[in-house]
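Following: one structure in structure tokens, then a few remarks.
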Amino acid sequence: MKNNHNKWRLNRIAGALAVALLPLCEDVLAREVFNPALLEMDGPHTGVRDLSAYEQAGGQLPGTYRVDIYLNNVFMDTRDVVFQQSKG
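Letter by letter, the sequence shown follows residues 83 to 170 of the working numbering.
Set out below in structure tokens:
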């Protein structure tokens, strides 16, 4: 019976130690991955472009795009907007 009590005590100490050390763990060095095959609407292997520009906030390839413009969640206009790559 005493051996069982010691096991229980050791498990409680190990659990408390794990919970105490949890905030010290580093963030995971991982990134989200999007499967570009989901964009192949016309059929498989239609040649999906490189999507790495969209992995970071504000990622947009340079070019002219037709966009809907909203102000305070109210639709204002649809226009062609030129996106340019920032320097640096």
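Every residue, glycine too, gets a C-beta built ideally from N, C-alpha and C. Because the structure is a prediction, the values reported are computed rather than measured.
Check your understanding: What number of angstroms, rounded off, separates the C-alpha of VAL163 from the C-alpha of PRO105?
Key -> 45 Å
Review point. Taking the DSSP output, what are the residues bridged to LEU106?
Key: Answer is none; LEU106 lacks a bridge partner.
Exercise for review: Give every residue of the same chain whose Cβ lies closer than 6 Å to the Cβ of ARG148, excluding the five residues on either side of it in the sequence, and list them in chain order.
Suggested key: ASP162
Review point. How many Å lie between THR146 and PHE165 at the Cα?
Key: 6 Å
Practice item. Can you give me the Cβ contacts of THR160 inside the same chain, cut-off strictly under 6 Å, excluding the 5 residues immediately before and after it? Key: ASP150
Review point. Tell me the DSSP bridge mates of ILE151?
Key: ASP159
Check your understanding: For GLU114, which option in GLN138, GLN167, ALA100 has the closest C-alpha, if you only look at C-alpha atoms?
Key -> GLN138
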